[in-house]
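Residue numbers (my numbering): 110 to 359.
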(Lines of atoms letter the chains of each structure in order from A and count residues from 1; the text may use other names and numbers.)
(Lines give C-alpha, C1' and ligand atoms only; values in the text may rest on other atoms or scores of the structure.)
Protein backbone atom coordinates (compact mmCIF):
# COMPACT_ATOMS: atom_id res chain seq x y z
CA UNK A 1 0.00 0.00 0.00
CA UNK A 2 1.34 3.51 -0.80
CA UNK A 3 2.85 5.27 2.21
CA UNK A 4 0.24 8.04 2.39
CA UNK A 5 -2.86 6.18 1.27
CA UNK A 6 -6.00 7.85 2.66
CA UNK A 7 -4.24 11.09 3.64
CA UNK A 8 -5.33 14.52 2.39
CA UNK A 9 -2.55 17.03 1.73
CA UNK A 10 -3.17 20.73 1.15
CA UNK A 11 -0.26 22.54 -0.51
CA UNK A 12 -0.26 26.32 -0.81
CA UNK A 13 1.87 27.74 -3.59
CA UNK A 14 1.36 24.36 -5.21
CA UNK A 15 1.19 25.48 -8.82
CA UNK A 16 4.94 25.50 -9.40
CA UNK A 17 8.34 25.12 -7.79
CA UNK A 18 8.73 23.42 -4.43
CA UNK A 19 4.98 23.18 -3.84
CA UNK A 20 4.28 21.38 -7.10
CA UNK A 21 7.28 19.07 -6.66
CA UNK A 22 6.04 18.16 -3.20
CA UNK A 23 2.53 17.62 -4.51
CA UNK A 24 3.77 15.20 -7.15
CA UNK A 25 5.69 13.15 -4.59
CA UNK A 26 2.79 13.05 -2.13
CA UNK A 27 0.33 12.10 -4.87
CA UNK A 28 2.59 9.26 -6.01
CA UNK A 29 2.71 8.10 -2.38
CA UNK A 30 -1.09 7.80 -2.31
CA UNK A 31 -2.24 11.08 -0.77
CA UNK A 32 -5.11 13.10 -2.22
CA UNK A 33 -3.39 16.39 -3.00
CA UNK A 34 -5.12 19.78 -3.07
CA UNK A 35 -2.93 22.53 -4.52
CA UNK A 36 -3.79 26.19 -4.18
CA UNK A 37 -2.29 29.32 -5.68
CA UNK A 38 -3.07 32.74 -7.09
CA UNK A 39 -2.81 31.91 -10.80
CA UNK A 40 -5.63 29.79 -12.29
CA UNK A 41 -3.55 29.19 -15.43
CA UNK A 42 -0.57 27.90 -13.44
CA UNK A 43 -2.85 25.70 -11.34
CA UNK A 44 -4.47 24.22 -14.44
CA UNK A 45 -1.08 23.15 -15.80
CA UNK A 46 -0.04 21.78 -12.42
CA UNK A 47 -3.26 19.82 -12.04
CA UNK A 48 -2.61 17.92 -15.26
CA UNK A 49 0.73 16.74 -13.90
CA UNK A 50 -0.70 15.91 -10.50
CA UNK A 51 -3.59 13.87 -11.90
CA UNK A 52 -1.09 11.86 -13.91
CA UNK A 53 0.68 11.10 -10.63
CA UNK A 54 -2.38 10.33 -8.49
CA UNK A 55 -5.47 11.89 -6.94
CA UNK A 56 -5.54 15.70 -7.01
CA UNK A 57 -7.57 18.87 -7.26
CA UNK A 58 -6.75 22.58 -7.53
CA UNK A 59 -8.16 25.62 -5.78
CA UNK A 60 -7.45 29.25 -6.71
CA UNK A 61 -6.50 31.10 -3.53
CA UNK A 62 -4.65 34.17 -2.30
CA UNK A 63 -3.44 33.20 1.17
CA UNK A 64 -3.16 36.88 2.10
CA UNK A 65 -6.96 36.94 2.45
CA UNK A 66 -8.01 35.41 5.76
CA UNK A 67 -11.59 35.12 4.51
CA UNK A 68 -10.54 33.25 1.37
CA UNK A 69 -8.33 30.91 3.40
CA UNK A 70 -11.22 30.09 5.73
CA UNK A 71 -13.50 29.35 2.78
CA UNK A 72 -10.84 27.19 1.11
CA UNK A 73 -10.25 25.18 4.28
CA UNK A 74 -13.98 24.62 4.69
CA UNK A 75 -14.24 23.45 1.09
CA UNK A 76 -11.34 21.02 1.43
CA UNK A 77 -12.56 19.63 4.75
CA UNK A 78 -10.20 17.15 6.36
CA UNK A 79 -6.51 18.08 6.06
CA UNK A 80 -3.96 15.58 7.34
CA UNK A 81 -0.91 17.30 5.89
CA UNK A 82 -0.56 21.04 5.34
CA UNK A 83 2.41 22.24 3.28
CA UNK A 84 2.79 26.02 3.38
CA UNK A 85 4.89 26.72 0.31
CA UNK A 86 3.38 30.03 -0.86
CA UNK A 87 6.02 32.73 -0.78
CA UNK A 88 7.16 35.84 -2.64
CA UNK A 89 9.89 38.43 -2.78
CA UNK A 90 10.25 41.68 -4.67
CA UNK A 91 12.98 42.65 -7.17
CA UNK A 92 13.22 45.97 -5.31
CA UNK A 93 13.73 44.47 -1.88
CA UNK A 94 16.42 46.37 0.03
CA UNK A 95 16.07 49.32 2.38
CA UNK A 96 17.21 51.80 -0.26
CA UNK A 97 14.52 50.81 -2.77
CA UNK A 98 11.77 48.69 -1.20
CA UNK A 99 8.31 50.25 -1.13
CA UNK A 100 5.92 50.07 1.78
CA UNK A 101 3.47 48.24 -0.50
CA UNK A 102 6.07 45.58 -1.33
CA UNK A 103 6.88 45.11 2.36
CA UNK A 104 3.21 44.68 3.18
CA UNK A 105 2.73 42.11 0.41
CA UNK A 106 5.78 40.06 1.47
CA UNK A 107 4.58 39.96 5.07
CA UNK A 108 0.98 39.24 4.04
CA UNK A 109 1.89 36.17 1.96
CA UNK A 110 5.05 34.81 3.59
CA UNK A 111 3.90 35.13 7.19
CA UNK A 112 0.26 36.14 7.71
CA UNK A 113 -0.98 33.84 4.97
CA UNK A 114 0.91 30.94 6.50
CA UNK A 115 -0.61 31.68 9.90
CA UNK A 116 -4.12 31.83 8.41
CA UNK A 117 -3.70 28.37 6.87
CA UNK A 118 -2.29 26.88 10.07
CA UNK A 119 -5.09 28.46 12.10
CA UNK A 120 -7.67 26.99 9.70
CA UNK A 121 -6.49 23.37 9.90
CA UNK A 122 -5.58 23.11 13.59
CA UNK A 123 -9.11 22.48 14.94
CA UNK A 124 -9.59 19.42 12.74
CA UNK A 125 -6.13 18.10 13.52
CA UNK A 126 -6.78 18.53 17.24
CA UNK A 127 -10.05 16.64 17.02
CA UNK A 128 -8.29 13.73 15.30
CA UNK A 129 -5.20 13.96 17.53
CA UNK A 130 -3.07 13.78 14.40
CA UNK A 131 -1.64 16.17 11.85
CA UNK A 132 1.51 17.32 10.07
CA UNK A 133 2.34 20.89 9.10
CA UNK A 134 5.35 21.62 6.90
CA UNK A 135 6.33 25.27 6.57
CA UNK A 136 8.77 26.19 3.82
CA UNK A 137 11.18 28.78 5.20
CA UNK A 138 14.56 29.46 3.57
CA UNK A 139 18.30 29.53 4.13
CA UNK A 140 17.48 33.19 4.80
CA UNK A 141 15.40 32.01 7.74
CA UNK A 142 18.65 31.10 9.50
CA UNK A 143 21.27 33.23 7.71
CA UNK A 144 20.10 36.69 6.67
CA UNK A 145 21.76 38.30 3.66
CA UNK A 146 21.52 41.51 1.67
CA UNK A 147 20.62 39.42 -1.38
CA UNK A 148 17.26 38.37 0.06
CA UNK A 149 16.39 41.69 1.67
CA UNK A 150 14.81 42.66 5.00
CA UNK A 151 11.25 41.57 4.19
CA UNK A 152 12.22 38.07 3.11
CA UNK A 153 14.81 37.70 5.89
CA UNK A 154 12.36 38.79 8.56
CA UNK A 155 9.42 36.68 7.39
CA UNK A 156 11.47 33.54 6.84
CA UNK A 157 13.00 33.87 10.32
CA UNK A 158 9.47 34.26 11.63
CA UNK A 159 8.39 31.05 9.87
CA UNK A 160 10.92 29.11 11.96
CA UNK A 161 9.57 30.66 15.17
CA UNK A 162 5.97 30.03 14.10
CA UNK A 163 6.78 26.39 13.39
CA UNK A 164 8.37 25.79 16.77
CA UNK A 165 5.42 27.52 18.44
CA UNK A 166 3.15 24.92 16.83
CA UNK A 167 5.26 22.11 18.24
CA UNK A 168 5.40 23.62 21.72
CA UNK A 169 1.64 24.15 21.93
CA UNK A 170 0.26 21.25 19.91
CA UNK A 171 2.57 18.27 20.44
CA UNK A 172 0.26 17.02 23.20
CA UNK A 173 -2.52 16.95 20.58
CA UNK A 174 -0.54 14.69 18.25
CA UNK A 175 0.34 17.53 15.88
CA UNK A 176 3.89 17.96 14.58
CA UNK A 177 5.43 20.73 12.49
CA UNK A 178 8.58 21.06 10.42
CA UNK A 179 10.36 24.15 9.14
CA UNK A 180 12.23 23.38 5.91
CA UNK A 181 15.08 25.81 5.18
CA UNK A 182 16.36 25.33 1.63
CA UNK A 183 19.38 27.06 0.20
CA UNK A 184 19.23 28.20 -3.42
CA UNK A 185 16.63 26.28 -5.40
CA UNK A 186 16.13 26.64 -9.15
CA UNK A 187 12.47 27.73 -9.09
CA UNK A 188 10.53 30.60 -10.71
CA UNK A 189 11.08 32.89 -7.70
CA UNK A 190 14.64 33.43 -8.98
CA UNK A 191 13.18 35.66 -11.69
CA UNK A 192 12.27 38.13 -8.94
CA UNK A 193 15.91 38.67 -8.00
CA UNK A 194 17.56 41.98 -8.90
CA UNK A 195 19.94 39.92 -11.07
CA UNK A 196 18.41 36.53 -12.04
CA UNK A 197 21.06 33.78 -12.01
CA UNK A 198 22.40 32.42 -15.30
CA UNK A 199 21.29 28.95 -16.47
CA UNK A 200 24.69 27.39 -15.70
CA UNK A 201 24.42 28.68 -12.12
CA UNK A 202 20.86 27.38 -11.70
CA UNK A 203 21.99 23.94 -12.84
CA UNK A 204 24.24 23.69 -9.74
CA UNK A 205 21.48 24.70 -7.35
CA UNK A 206 19.02 22.42 -5.62
CA UNK A 207 16.22 21.47 -7.98
CA UNK A 208 12.53 21.50 -7.14
CA UNK A 209 12.39 17.70 -7.22
CA UNK A 210 15.05 17.56 -4.49
CA UNK A 211 12.72 19.46 -2.21
CA UNK A 212 9.79 17.30 -3.32
CA UNK A 213 11.64 14.25 -2.05
CA UNK A 214 12.48 16.10 1.15
CA UNK A 215 8.81 16.86 1.80
CA UNK A 216 7.90 13.23 1.16
CA UNK A 217 10.59 12.05 3.59
CA UNK A 218 9.07 14.20 6.33
CA UNK A 219 5.48 13.22 5.50
CA UNK A 220 6.24 9.50 5.39
CA UNK A 221 7.75 9.35 8.87
CA UNK A 222 5.60 7.74 11.59
CA UNK A 223 3.42 10.09 13.63
CA UNK A 224 5.70 9.63 16.64
CA UNK A 225 8.59 11.35 14.80
CA UNK A 226 8.82 15.12 14.46
CA UNK A 227 11.48 16.79 12.32
CA UNK A 228 11.47 20.20 13.94
CA UNK A 229 13.78 21.84 11.44
CA UNK A 230 15.54 20.69 8.29
CA UNK A 231 18.22 22.72 6.50
CA UNK A 232 19.10 21.58 2.97
CA UNK A 233 21.49 23.34 0.61
CA UNK A 234 23.27 22.73 -2.68
CA UNK A 235 26.68 21.12 -2.34
CA UNK A 236 28.02 23.98 -4.49
CA UNK A 237 26.84 26.55 -1.98
CA UNK A 238 27.43 30.12 -3.09
CA UNK A 239 26.87 31.43 0.42
CA UNK A 240 30.05 29.54 1.35
CA UNK A 241 31.90 30.30 -1.87
CA UNK A 242 31.28 34.04 -1.80
CA UNK A 243 29.80 33.98 -5.28
CA UNK A 244 26.45 35.64 -4.56
CA UNK A 245 25.78 38.92 -6.29
CA UNK A 246 24.96 41.96 -4.19
CA UNK A 247 21.83 43.98 -4.93
CA UNK A 248 22.57 46.83 -7.37
CA UNK A 249 22.63 50.29 -5.82
CA UNK A 250 20.08 52.59 -7.40
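For glycine and all other residues, C-beta sits at the position ideal for the given N, C-alpha and C.
All values derive from a computational prediction rather than experimental measurement.
Inter-residue spacing [alpha-carbon to alpha-carbon] between residue 250 and residue 223: 15 Å
Beta-carbon separation of residue 155 and residue 168 under 7 Å? no
So if DSSP puts residue 158 in a beta bridge, which residue, or which two residues, is it bridged to? According to DSSP, which records beta bridges pairwise, residue 158 is partnered with nothing at all.
Confirm the yes/no value for this check: CB of residue 260, any heavy atom of the ligand NAP, distance under 6 Å. In terms of ligand content, the structure shown is empty, and the ligand NAP therefore cannot be addressed.
Output the distance between the C-alpha atoms of residue 327 and residue 336, rounded to the nearest integer angstrom. 7 Å
Comparing C-alpha positions only, which one of 125, 237, 232 and 152 sits nearest to residue 332? 237
Within this structure, are the beta carbons of residue 163 and residue 136 separated by less than 7 Å? yes
Determine the burial state of residue 274: buried for a count of at least 16 other Cβ atoms within 10 Å of its Cβ, exposed for fewer. exposed
Would you call the CB atoms of residue 126 and residue 317 closer than 7 Å? yes
Can you say whether residue 344 is buried or exposed, counting buried as having 16 or more other CB atoms within 10 angstroms of its CB? exposed
Considering Cα atoms alone, identify which of 234, 266, 243 and 254 is closest to residue 216. 266
Nearest residue (CA-CA) to residue 353, options 192, 338 and 305: 305
Could you tell me which whole beta strand (DSSP E) segments of length 3 or greater appear in the segment 236-260? 240-245
Residues of its chain near residue 234, where Cβ-Cβ distance is below 6 Å and the 5 sequence neighbours each way are ignored: 240 and 284
Separation of residue 179 from residue 149, as counted between CA atoms: 19 Å
Pick out whichever of 227, 346 and 174 has its Cα sitting closest to the Cα of residue 288. 227
8 Å contact criterion, which residue 325 and residue 118 should meet: CB distance rounded: The pair is not a contact, with the Cβ atoms about 10 Å apart (cut-off 8 Å).
Distance, residue 220 Cα to residue 173 Cα: 9 Å
Residue 211 by DSSP, collapsed to three states: which one? helix
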